[in-house]
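K.L.:
Starting off with a structure, shown below.
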Amino acid sequence: GAGVSQTPSNKVTEKGKYVELRCDPISGHTALYWYRQSLGQGPEFLIYFQGTGAADDSGLPNDRFFAVRPEGSVSTLKIQRTERGDSAVYLCASSPGGSGANVLTFGAGSRLTVL
Amino acid sequence: DQQVKQNSPSLSVQEGRISILNCDYTNSMFDYFLWYKKYPAEGPTFLISISSIKDKNEDGRFTVFLNKSAKHLSLHIVPSQPGDSAVYFCAAGGLTGGGNKLTFGTGTQLKVEL
Chain A
1 GAGVSQTPSN KVTEKGKYVE LRCDPISGHT ALYWYRQSLG QGPEFLIYFQ
51 GTGAADDSGL PNDRFFAVRP EGSVSTLKIQ RTERGDSAVY LCASSPGGSG
101 ANVLTFGAGS RLTVL
Chain B
116 DQQVKQNSPS LSVQEGRISI LNCDYTNSMF DYFLWYKKYP AEGPTFLISI
166 SSIKDKNEDG RFTVFLNKSA KHLSLHIVPS QPGDSAVYFC AAGGLTGGGN
216 KLTFGTGTQL KVEL
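Those protein sequences? They're chains A and B, same order as listed. The opening residue of the first sequence carries number 1 in my numbering; numbering runs sequentially from there. The opening residue of the second sequence carries number 116 in my numbering; numbering runs sequentially from there.
Pasting the structure below:
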């Protein structure tokens, strides 16, 4: 696609529920990132995929958070047993990958509200 | 532990004047730096970057300066325009390890007034 697409744009759920957020990266981009942005903060790194594998998941806050990218394109961020503190904008980004400094292109984000 | 810091949460500038946004970092392993601009309800948009081997990079009205010894970078916008009003994030990355993972600052809200 022309840009990074994220769905849903808004998600309201109740505490304890399961949530999935989807990211469709720029076609041909091998690297995909998930970030989380809370109010008044900058984007905070969660996980990075190179192809199908998670190259770095050091930013996932706990084992309720999981992400997959089974075919090396679309990725899904999964949050189990949601808590009010999970409320934030979840940003996905992609880049061409490879060596050197790449510029990350971000989607518009999925705003998650946990009541 | 905030590795990238933007100490000014907001900045107000008159149209046509220079805007200077500042950023400090603590991790010596960072070797490239980027500025992103963010409008409400949109994702951050890349603006300009600089590698640690340079001390200045210019693109139109936007110039980024890097002072490695002080671990400080700044973004200059001249002349400032009302459309520049947005939140500006400084980000840093390391080419050695960690892929292209970026660490972001907390952002500076720039308001350009008529």
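We put the beta carbon where it would ideally sit given N, CA and C, even for glycine.
Please state if the CB of V179(B) and the CB of L74(B) are separated by a distance shorter than 8 Å.
P.N.:
Past the edges of chain B, shown from 116 to 229, lies residue 74(B), and the structure says nothing about it.
K.L.:
Report the partner residues of F180(B) according to the DSSP bridge assignment.
P.N.:
K171(B) and S189(B)
K.L.:
Residues in the same chain with beta-carbon distance under 6 Å from V89(A), minus the five sequence neighbours each way, listed in chain order, please.
P.N.:
Spatial neighbours of V89(A) in its own chain (CB-CB distance under 6 Å, excluding positions within 5 residues in sequence) are listed in chain order as Q37, G109 and R111.
K.L.:
Buried or exposed for I79(A), going by 16 or more other Cβ atoms inside 10 Å?
P.N.:
buried
K.L.:
Suppose you measure from the CA of S5(A) to the CA of V227(B); what does that come to, to the nearest Å?
P.N.:
30 Å
K.L.:
Between the stretch 16 to 47 of chain A and chain B, which residues of the former have CB atoms less than 9 Å from a CB of the latter, in chain order?
P.N.:
Listed by position, the residues of the stretch 16 to 47 of chain A near chain B (Cβ gap below 9 Å) are A31, Y33, Y35, Q37, G40, Q41, G42, P43, E44 and F45.
K.L.:
Only counting runs of 3 or more residues, tell me where the beta strand (DSSP E) segments fall wholly within the stretch 21 to 52 of chain A, in order along the chain.
P.N.:
31 to 37 and 44 to 50
K.L.:
Run through chain B and tell me which residues come within less than 9 Å of L91(A), C-beta to C-beta.
P.N.:
G158 and P159
K.L.:
For S195(B) versus R132(B), is the C-beta spacing smaller than 8 Å?
P.N.:
yes
K.L.:
For Q129(B), which residues does DSSP report across the bridge?
P.N.:
E228(B)
K.L.:
Can you grab the Cα-Cα spacing for the pair S167(B) / G97(A), in whole Å?
P.N.:
20 Å
K.L.:
Only counting the same chain, and skipping five residues up and downstream in sequence, which positions put a Cβ closer than 7 Å to that of I135(B)?
P.N.:
By the criterion of a C-beta distance shorter than 7 Å, I135(B) is surrounded in its chain by S189 and H191, once the five residues flanking it on both sides are discounted.
K.L.:
According to DSSP, is G3(A) part of a helix, a strand, or is it coil?
P.N.:
coil
K.L.:
Please state whether DSSP places D139(B) in a helix, a strand or coil.
P.N.:
strand
K.L.:
Quick one, are the C-beta atoms of T52(A) and P70(A) less than 8 Å apart?
P.N.:
Contact flag set, yes.
K.L.:
Considering just the uninterrupted stretch of the beta strand (DSSP E) at L217(B), what are its terminal residues?
P.N.:
L217 to F219
K.L.:
S27(A): which of L115(A), T113(A), N102(A) and S95(A) sits nearest, CA to CA?
P.N.:
S95(A)
K.L.:
How should A93(A) be labelled, buried or exposed, when 16 other C-beta atoms within 10 angstroms of its C-beta is the threshold for buried?
P.N.:
buried
K.L.:
Can you tell me whether K153(B) is buried or exposed, with buried defined as 16 or more other CB within 10 angstroms of its CB?
P.N.:
buried
K.L.:
Strictly below 8 Å CB to CB, what residues from chain B border G107(A)?
P.N.:
G158
K.L.:
From the DSSP output, in three-state form, read off G59(A) for me.
P.N.:
coil
K.L.:
Using the three-state DSSP reduction, which class does R81(A) fall into: helix, strand or coil?
P.N.:
coil
K.L.:
Give the residues of chain A in contact with T221(B), contact being defined as C-beta atoms less than 9 Å apart.
P.N.:
G40, Q41 and G42
K.L.:
Scan the stretch 46 to 61 of chain A for residues whose Cβ lies nearer than 9 Å to a Cβ of chain C and list them as they occur along the chain.
P.N.:
No chain C appears in this structure, whose protein chains are A and B.
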